[in-house]
């Protein structure tokens, strides 16, 4: 219903109407006022059932929207958490399991990127581990000692050769080099390399637990762009065998000089005496000439032994079939005068058919020296027995005498060059001090071994073992 009235005239009616009606809309336009209203029960009654249904529908849709939104956010949060867990495992020793997301997932691209990074990191880690393994295998098989130090001087890697040379048990955990190196000169080289950042080199002689010479290179490695694990490499070369060979050469030269000097001096002295007038005295002349001849033979023997010793390992083998008994018998012929003088009984226990395929010249030199040794150091009226016995594919030849014998302390050095048990007696017998050294060198060249069994005052037995057949 609508009505209009003047404001002043219809004031009471307006109040009355307002008291029983719900005003829906007011509009004023001077001097008039328009009021649009509808009674409440008449306005909502037709729409009340639909309104209730609409209200519940709206509430239901709102609740459904909230549930859908929460489910969606929970699903997205779950996908993100799975990617986060995968990302947290990147770099782990074991490969990270892949997170399977649908291509329509918002985090699918991120998950693919994380998986790719993990795969690349796993590949790089495997490559680095393989390289480290190969590096460790390499240094562990080196015959030189290796110690790798960081910039603080801690040993971070080493090999077994270094532990052997230093005679220490080296820990695999990083530790100061001073824990392993107790030699002042060696530790000083490392200290200088670290302090001066410069490589060092020196030859160091270690005394304990045994004498050892080390050629030491302490290499300072310049730092690269990336931080390096190794800053200093300590390389230890064991040159003890080289030093021993050098010493042997010096001793050999010294001994040869001494051995050559004695007969040469004797020959020169007696010759000058003869030239000075002694030649006119028949008895003196004969004595001096005898001495000169003996010293000349000694000098010749020494030169021949030196040549034999130097060529022993160098000459190529000339292989031929050798009859053992015939070879020994032939070598006794030029020694018959010595045998008769000392009245030594020589006995051969060798089968007539005994033979081996070897280098005849080297074999004869070995037998000759052992026969001379057995005669020279035998007692007057003694006995020398030569026995040949075949064992498997080898021949064993023994030279036994009942002469002077050799003390236990001398037996370990008896095969050294110029070593004599009794120097005075050796000179008297005309020995050069190289005979047994030649025996050992030549037997080794023939692929055999030599050993000694002796008792002082009882006698000695030298036994050589040679293969029945050797190849040229």
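Residue numbers (our numbering): -6 to 465.
Note that CB positions come from ideal geometry on N, CA and C, so glycine has one too.
On a predicted model such as this, the values are computed, not experimentally measured, just so you know.
Per the DSSP calculation, residue 446 is bridged to which residue(s)? 454
For residue 441 versus residue 457, is the C-beta distance shorter than 8 Å? yes
Roughly how many angstroms separate the alpha carbons of residue 232 and residue 198, rounded to a whole number? 10 Å
Where are the beta strand (DSSP E) runs, 3 residues long or more, that stay fully inside the stretch 115 to 170, in chain order? 138 to 142 and 147 to 151
Within the same chain, show all residues whose beta-carbon is closer than 6 Å to that of residue 397, passing over the 5 residues directly before and after it, in chain order. 370
Buried or exposed for residue 343, please, with buried defined as at least 16 other CB atoms from any protein chain shown within 10 angstroms of its CB. buried
Can you check whether the CB of residue 123 is closer than 8 Å to the CB of residue 135? no
Just to confirm, are residue 187 and residue 146 a CB contact at a threshold of 8 Å? yes
Which residue from 297, 238, 178 and 191 puts its Cα closest to that of residue 200? 178
What alpha helix (DSSP H) runs, 4 residues minimum, are completely inside the stretch 249 to 335? 275 to 304, 317 to 325 and 329 to 335
What residue range is occupied by the uninterrupted alpha helix (DSSP H) comprising residue 363? 353 to 369
Within 10 angstroms of its Cβ, does residue 235 collect 16 or more other Cβ (buried), or is it exposed? exposed
If contacts are defined as beta-carbon pairs under 8 Å, then residue 202 and residue 160 qualify, I think. What distance do you get, rounded to the angstrom? 5 Å
The alpha helix (DSSP H) that contains residue 403, what's its start and end? 401 to 404
Would you list the one or two residues that DSSP bridges to residue 209? 195 and 229
Alpha helix (DSSP H) segment containing residue 177, residue limits: 177 to 189
Hey, could you find the ends of the alpha helix (DSSP H) residue 438 is sitting in? 428 to 438
Contact under 8 Å by Cβ, residue 356 with residue 429: no
Through-space distance from residue 455 to residue 464, alpha-carbon basis: 25 Å
Do residue 368 and residue 321 have their CB atoms nearer than 8 Å? no
What's the gap between the Cα of residue 372 and the Cα of residue 290? 24 Å
Could you tell me the boundaries of the beta strand (DSSP E) in which residue 342 lies? 338 to 342
Mark residue 374 as exposed unless 16 or more other C-beta atoms lie within 10 angstroms of its C-beta, in which case mark it buried. exposed
Taking only three categories from DSSP, how would you classify residue 235? helix
Out of 176, 190 and 184, which one is the CA nearest neighbour of residue 206? 176
Looking at the structure shown, is residue 380 part of a helix, part of a strand, or coil, going by DSSP? strand
Roughly how many whole angstroms lie between the Cα atoms of residue 120 and residue 59? 51 Å
Quick check: what's the CA-CA separation for residue 404 versus residue 330? 29 Å
Quick check on residue 397: does DSSP put it in helix, strand or coil? coil
Can you say whether residue 252 is buried or exposed, counting buried as having 16 or more other CB atoms within 10 angstroms of its CB? buried
Thinking C-beta only, is residue 348 closer than 8 Å to residue 314? yes
Classification of residue 333 by the beta-carbon crowding that lies within 10 angstroms, buried from 16 upward: exposed
Could you check what DSSP says for residue 201 in three-state terms: helix, strand or coil? coil
Under the rule that 16 or more other beta-carbon atoms within 10 Å means buried, what is residue 393, buried or exposed? buried
Taking Cβ to Cβ, would you say residue 143 is nearer than 8 Å to residue 193? no
Determine the burial state of residue 238: buried for a count of at least 16 other Cβ atoms within 10 Å of its Cβ, exposed for fewer. exposed
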